[in-house]
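**Student:** Next up is a structure, given as structure tokens.
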Amino acid sequence: VSKPGRRVYTRASEIPWVRSGMGIAILSTPKGVLTGQQARRLGVGGEVLCYVW
Numbered sequence: 198v199s200k201p202g203r204r205v206y207t208r209a210s211e212i213p214w215v216r217s218g219m220g221i222a223i224l225s226t227p228k229g230v231l232t233g234q235q236a237r238r239l240g241v242g243g244e245v246l247c248y249v250w
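Numbering-wise (the working numbering), the sequence shown opens with residue 198 and increments by one.
Right, dumping it as structure tokens:
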């Protein structure tokens, strides 16, 4: 998860599954703010903002 002093970026192929699919990752991508599942489907990576489970 990104913090003000340490940004965490990930590729579409490396977006983590949260709680074996029971949770979601929220990413800021060039296509806007997306869930991990949407970003994987579109093939875009970005900055990991948070995880929700």
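C-beta atoms are modelled at their ideal positions from N, C-alpha and C, and glycine is treated no differently.
How many Å lie between Gly218 and Trp250 at the Cα?
**Tutor:** Roughly 9 angstroms between the two C-alpha positions.
**Student:** How would you label Leu239, buried or exposed, when you count the other beta carbons within 10 angstroms and need 16 or more for buried?
**Tutor:** It counts as exposed.
**Student:** In terms of residues, what are the limits of the alpha helix (DSSP H) holding Ala209?
**Tutor:** Taken as a continuous stretch (DSSP letters only), Ala209 belongs to no alpha helix (DSSP H), as it is neither H nor E.
**Student:** Indicate whether at least one CB of chain D lies closer than 8 angstroms to the CB of Arg237.
**Tutor:** Included in the structure is just one protein chain, with no chain D present.
**Student:** Do you know offhand how far Pro201's Cα is from Gln235's?
**Tutor:** Approximately 25 angstroms, taken between the alpha carbons.
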